[in-house]
Amino acid sequence: MRSVPTTSLDLTDPDVVADPYPHFARERERHAATGGVAWHEASGRYLTFAHASVGQVQRDRRLGRLWKDKEPLDHLEPFNLLHRNQMMENEPPEHTRLRRPVASAFARGHVERLRPRVRELAASLLADVDPAGFDVIAAYAEPLPVLVIADLLGVPRSYAHDLRDWSQAIVRMYEVAPSQQTVDEAVRAATDFAGLVRELVAERRKDPADDLITDLLATELTEDEVVAAVVLLLNAGHEASVNVFGNGLTAMLRRGLRPGGDVPATVEEMLRFDSALQLFERTATEDVEFAHGEQRVVVEEGQKIAALLGAANRDPAVFDEPDEFRVDRTPNNHLAFGVGVHFCLGAPLARMELAESVPALFETFPDLALTGEPVSRGTFVLRGFREVPVGGSHA
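This note's numbering numbers the first residue of the sequence shown as 2 and each following residue consecutively.
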């Protein structure tokens, strides 16, 4: 019998998936004595429910991302190949080596150069929708970031639909208990996705272009590492934008809210209020102590611990009235993009896309409103909506 605090929260329970925040609040209060840290027997890892403990998980270098190939190895090799070579699944110095070649593409200057393209895409996509009623995810929130990241990398736009399908199939593997169908679909998607990237790599070797794939080929990265980097960037480069947009917009429309005068502040609140990424796991490379007052919880070497980002972003110790959506909330020290060495590389791009696309939508349709009930993706780790039906009148 463990002499540590335990939680029996079922992360696959439909009620938890539909709205995890009341459940997080109860667990945070139950485990206040240990700073919101508790052992979760069902998943064989610790869970963290408080802003401080989630922050420690992300910052403590003794808690690392240690990739282990998923089994059966033969069947899952296409999926494993993409992940064992990704920066996200490695720690320094390997993480640093894999991250450095792509970091420049997301530096402030490069992102700012994409802003006119984002505005152009937003206007074009909104001009094509039926004001009486349209799915804002399929018609607007999804295609915009997919096209932007595809342009940056040098992937033909004709693959935009495939990229979204492949990405969703792969990221469903990150859920708590993926089904065999989910596994099989992820393997097929990984195979097809990597196959396309290898074709593009071969083309760029013969005919270099002004894109990130060409830039990556000029670095020390192996071909497998270039393929893994491109797939990661295509996935992560739009998943955050799509899901933050859908989650935040739904929250605003359900409350009759509009973006505030300080649009970046509204974007930060969208990121905080209903986090797209809910769970990020680490493994202890040595014993790590979580201390809260006189209480101590020790995560032993080899044990896993998960940062529950959505729980951290609703912690009343940090956020005043955390369950309220405030378009002008400040300060807003959310952890939606993480902190430390694994801070989201695409955060500047996602923030810029949201800062342009959200106000453009409301400027085009000032009376925008939900025309039906949004349809959830039904996933916990990567939280979002599959459909958000809206309508309104042109300005």
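Every residue gets a Cβ at the ideal spot worked out from N, C-alpha and C, and that includes glycine.
Below 8 Å, too few C-beta pairs join the region 308-328 and the region 216-235 to call them touching: fewer than three. Beta-carbon to beta-carbon, GLY249 and ASP329 are separated by about 14 Å, too far to satisfy the 8 Å threshold. Taking C-beta atoms as the reference points, LEU272 and ALA337 count as a pair closer than 8 Å.
The alpha-carbon separation between GLU42 and HIS52 amounts to approximately 22 Å. Between VAL299 and ALA356, the C-beta gap is not smaller than 8 Å, which leaves the two residues out of contact. Using a C-beta cut-off of 8 Å, the region 79-93 makes contact with the region 173-193, since at least three inter-stretch Cβ pairs fall below that distance.
Assignment of ARG158 by DSSP, reduced to helix, strand and coil, places it in the helix class.
Taking a 10 Å sphere around the C-beta of GLY36, we find 16 or more other C-beta atoms and assign the residue as buried. ALA348 has no beta-bridge partner at all, per DSSP.
Note on geometry: alpha-carbon atoms of PRO73 and LEU122 lie some 42 Å from one another.
Here ALA203 is exposed, its C-beta having fewer than 16 other C-beta atoms within 10 Å. In the DSSP assignment, GLY247 falls within the alpha helix (DSSP H) that extends over 224-255.
Closest by C-alpha distance to GLY65, out of SER54, ASN91 and ARG46, is ASN91. Every alpha helix (DSSP H) stretch that sits fully inside the region 77-164 and reaches 4 residues is listed by chain position as 95-104, 109-128 and 144-154. Counting C-beta pairs with one atom in each stretch, the region 206-216 and the region 128-141 have fewer than three that are closer than 8 Å, which means they do not touch.
For PHE320, there is no enclosing alpha helix (DSSP H), since its DSSP letter is neither H nor E.
Under the three-pair Cβ rule at 8 Å, the region 360-376 does not count as touching the region 270-288. Under the criterion of beta carbons closer than 8 Å, GLU176 and THR380 qualify as touching, at roughly 5 Å.
Per the Cβ contact rule, the region 359-370 is not in contact with the region 334-350 (fewer than 3 Cβ pairs under 8 Å). The three-state reading of DSSP puts GLN182 in helix, counting H, G and I together. Of the residues ALA34, ARG46, GLY45 and GLY56, the one whose Cα lies closest to the Cα of GLY311 is GLY56. Relative to ALA187, the option among GLY45, LEU83 and ASP324 whose CA is nearest is LEU83. In the three-state scheme derived from DSSP, where H, G and I count as helix and E and B as strand, GLU28 is classed as helix. Here the alpha carbon of PRO144 sits roughly 39 Å from the alpha carbon of THR8. With 16 or more other Cβ atoms from the protein chains shown falling within 10 Å of its own Cβ, ASP136 counts as buried. By DSSP's assignment, GLY65 forms a beta bridge with THR284. Between the alpha carbons of ALA237 and GLY393 lies a gap of roughly 31 Å. For the options ARG283, LEU383 and ASP211, the alpha carbon positioned closest to that of MET174 is the one of LEU383. Its chain contains VAL147 and LEU235 as the residues whose beta carbon lies nearer than 6 Å to that of LEU164, once the 5 sequence neighbours on both sides are disregarded; these appear in chain order. For GLY392, the uninterrupted beta strand (DSSP E) segment begins and ends at 390-392.
Taking C-alpha positions only, VAL17 is separated from SER242 by approximately 23 Å. PHE50 carries a coil assignment under DSSP once its states are collapsed to helix, strand and coil.
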